[in-house]
Amino acid sequence: LFGLDRHPSIANGTVPLTLELLSPAHRPMQTTRDLPGFWRGSWADVRADMRGRYPKHVWPENPLLAAATARAKPRGT
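Under our numbering, residues -13 to 63 are what the sequence shown spells out, in order.
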């Protein structure tokens, strides 16, 4: 979902989806119906916590400008 600046919805954009954002261990980190608000607001706190727990994964400072990745950080970084 990195880089997504509009919240996903159904029914021609009238019903926003409830997103459950998961950690790399597939545990819930956050539930939101406002993804852009999450990126601008509580993402900084979630990012700080997740960087400590999962240092091998990418946790961008600005998720709206970040590209999604299929893997954790390359070896040696």
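C-beta atoms are modelled at their ideal positions from N, C-alpha and C, and glycine is treated no differently.
Bear in mind the structure is a predicted one, so any value in this text is a computation, not a measurement.
Here residue 4 has 17, 18 and 19 as same chain residues with Cβ atoms under 8 Å from its own Cβ, once five neighbours each way along the sequence are excluded. Taken through DSSP and simplified to helix, strand or coil, residue 44 comes out as coil. The Cβ atoms of residue 49 and residue 25 sit closer than 7 Å to each other. One thing to note: residue 40 has its Cβ no nearer than 7 Å to the Cβ of residue 14. Beyond the five residues adjoining it in sequence on each side, residue 8 comes within less than 7 Å, by CB distance, of 14 and 15 in the same chain, given in chain order.
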